[in-house]
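What follows is a short report on a single structure.
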RNA sequence: CGGGGCGUAGCGUAGUCCGGUUAUCGCGCCUGGUUUGGGACCAGGAGGUCGCAAGUUCGAAUCUUGCCGCCCCGACCA
């Protein structure tokens with residue numbers, strides 16, 4: 121991709137700058153999204169949204185298979201709700217958009233509209249940064265007995281967090297996501313739910329996005345505001361920075377207590393309800409880009425590609441175009457019957473070479489070209505986006521061949537990303553090596569940590585690396601904290617992160 | 001919100017320090033023709049509140065002030 125020469129190079133490492141420029145280039149040239157005129161907000165363009173819809177569909181299906189249903193809760197949260205859970209409000213207070221008035225009027229000087237000072241709200245409304253509070257305020261009315269439990273609800277929604285610095289898909293002031301909010305009668309059941317949803321996310325990331333992830337739990341310092349335990353999936357981007365791709369929180373009884381949600385159990389005993397919440401966002405689009413894309417543009421794994429196969433005719437004159445595109449339409453029908461999405465680009469507006477480059481930029485997994493030569497010989501030229509490999513093959517059983525090629529691409533993308541990710545995990549046993557690896561190689565660093573928040577914060581302040589997670593099922597291994605030398609029972613994963 | 005950089009046509013840009021005819025160039029776009037197996041070529045053409053506002057000046061893309069936005073770093077975060 122071409123580099124943006126206009127960006128300043130002062131005080132920025134070339135690697136970071138180049139990678140940012142590359143990322144922005146892909147987002148823009150693959151037609152995924154653009155900055156809105158509204159500060160920090162993003163316009164998701166049709167191609168970007170089509171990929172998001174594929175993600176939504178797959179996730180939604182997985183949620184339903186695990187017993188969840190969808191519902192919708194208000195965009196506005198009364199300020200008093202948000203402040204009921206102390207840690208929660210502290211975590212989000214700094215980035216909330218607040219509605220203070222409900223009416224405009226023409227200004228006295230005739231120069232447009234102003235906020236009508238008379239229309240001030242009694243209580244300000246916060247635009248949801250997340251919906252725990254409004255949902256738990258609602259659940260209060262729904263739950264009396266263990267017979268009302270569990271409640272397993274998901275919501276597809278937008279939320280607003282007034283971020284200081286934004287980046288398309290990765291961090292925008294408004295973003296689309298899903299948030300699951302469940303209520304349970306026991307701690308064990310709630311923890312099981314939290315872990316189950318983490319598995320759903322990991323499966324989605326690996327099987328649909330072809331993006332390997334590490335499941336783990338967050339340190340206390342990185343925990344969700346209001347949670348007892350935050351589980352996460354962490355992915356590794358091509359520039360060596362980690363990306364938190366999804367989180368699942370065990371909320372304990374914190375929100376039940378804050379909103380006074382009690383139920384009578386089967387023994388007639390009154391207790392607070394146990395809660396979870398979990399979410400993934402359009403940030404996954406950023407993850408997708410930074411996991412697979414290359415210098416030719418976007419690479420979309422077949423299972424998330426809105427168009428999986430594009431047919432490009434090569435021809436001279438209208439007759440030849442007609443003949444070839446008719447043949448292509450037959451293949452299209454045949455493939456569509458087998459659930460493959462196909463585009464035949466028989467437009468005469470661009471030359472084949474232009475189309476080849478364009479569909480590579482857009483990330484279409486498979487391209488099939490048919491020219492006069494192929495038409496003669498009953499062959500096609502088939503090209504795969506992941507490796508760039510092209511070959512000419514007979515037209516017989518084309519549909520089967522394409523289906524198996526799509527599977528192969530899906531698998532290959534995962535394998536490639538996994539090999540890269542595995543290579544980006546480095547075991548380190550002292551602080552000097554830690555800093556060296558961080559600066560020279562990046563990636564995850566598996567190191568011993570004494571478990572204290574002070575140590576974590578000091579490492580962060582000195583190196584910008586944070587504890588991404590304590591991997592689930594990490595082997596017990598006695599060692600010494602790289603910073604303090606105190607005893608540690610297992611390694612945790614550090615990285616610089618998005 | 002702090003530091004740095006930037007804002008000129010759809011995109012990328014020259015010009016700004018040192019104010020002065022009709023604002024430069026490339027890509028893209030439109031028309032005609034030739035082309036079409038990896039982003040074609042030739043000829044002609046259209047497209048601009050120089051981010052916004054105020055000020056200085058005979059005159060502002062250029063100087064001053066304020067504001068807005070974008071990029072990078074920091075803090076924060078999914």
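Residue numbers (the numbering used here): 121 to 618.
Backbone N, C-alpha and C define an ideal beta-carbon position, used for all residues, glycine too.
Since the model is a prediction, treat every value here as computed from it, not as a measurement.
Query                                                                                                                           : Result
Neighbourhood of residue 272 by C-beta, 6 angstroms cutoff - its chain only, sequence neighbours within 5 removed               : 187, 188 and 302
Residue(s) in a DSSP beta bridge with residue 197                                                                               : 246
Reduced DSSP secondary structure (H/G/I, E/B, other) of residue 575                                                             : helix
Beta-carbon proximity check, residue 338 vs residue 565, cutoff 9 angstroms                                                     : no
Short Cβ contact (9 angstroms threshold) for residue 150 with residue 483                                                       : yes
Residues near residue 598 by beta carbon distance below 8 angstroms, same chain, minus five either side                         : 607, 608 and 609
Assumed close pair residue 583, residue 613 - CB separation to whole angstroms, cut-off 8 angstroms                             : 14 angstroms between Cβ atoms; not a contact.
Distance CB(residue 402)-CB(residue 289) smaller than 9 angstroms                                                               : yes
Stretch pair the stretch 166-176 + the stretch 212-231: three plus CB contacts closer than 8 angstroms                          : no
Boundaries of the alpha helix (DSSP H) in which residue 445 is found, first to last residue                                     : 437-457
Whole-Å CB distance - residue 366 paired with residue 400, under 8 angstroms assumed                                            : 4 angstroms
For residue 581 and residue 128, the rounded distance between their alpha carbons                                               : Any reading at residue 128 is ruled out, since the residue's pLDDT is 25, under 50, leaving its predicted position unreliable.
Nonlocal neighbours in the same chain, by C-beta distance under 6 angstroms from residue 95, ignoring five residues either side : With the chain running from 121 to 618 in the structure shown, residue 95 is simply not present.
9 angstroms Cβ cutoff met for residue 299 and residue 275                                                                       : yes
Buried/exposed call for residue 450, threshold 16 Cβ in 10 Å                                                                    : exposed
Assumed close pair residue 522, residue 486 - CB separation to whole angstroms, cut-off 8 angstroms                             : 6 angstroms
Proximity to residue 589 [Cα-Cα], best of 600, 603 and 616                                                                      : 616
Which of helix, strand or coil DSSP assigns to residue 405                                                                      : helix
Residue 174 (DSSP reduced to helix, strand or coil)                                                                             : helix
Three-way DSSP call (helix, strand, coil) for residue 591 in this model                                                         : strand
Buried or exposed by the 16-neighbour rule on C-beta atoms within 10 Å, applied to residue 284                                  : exposed
Presumed contact (8 angstroms Cβ cut-off) between residue 193 and residue 265, rounded CB distance                              : With a Cβ gap of about 23 angstroms, residue 193 and residue 265 do not count as contacting.
Residue 513 - containing beta strand (DSSP E), residue span                                                                     : 510-514
C-alpha gap between residue 69 and residue 467, whole angstroms                                                                 : Residue coverage of the chain in this structure runs from 121 to 618, which leaves residue 69 outside it and unanswerable.
C-alpha distance - residue 286 paired with residue 377, whole-angstrom precision                                                : 34 angstroms
Contact set for residue 130: own chain, Cβ-Cβ below 8 angstroms, skip 5 residues either direction                               : Reliability of the predicted coordinates at residue 130 is poor, the pLDDT of 24 falling under 50, and the value obtained from them is presented with this limitation in mind. Correct list: empty, nothing qualifies.
Buried or exposed (CB count within 10 angstroms, at least 16 for buried), residue 358                                           : buried
Cα-Cα separation between residue 245 and residue 600, rounded to whole angstroms                                                : 49 angstroms
DSSP state of residue 462 mapped onto helix, strand, coil                                                                       : strand
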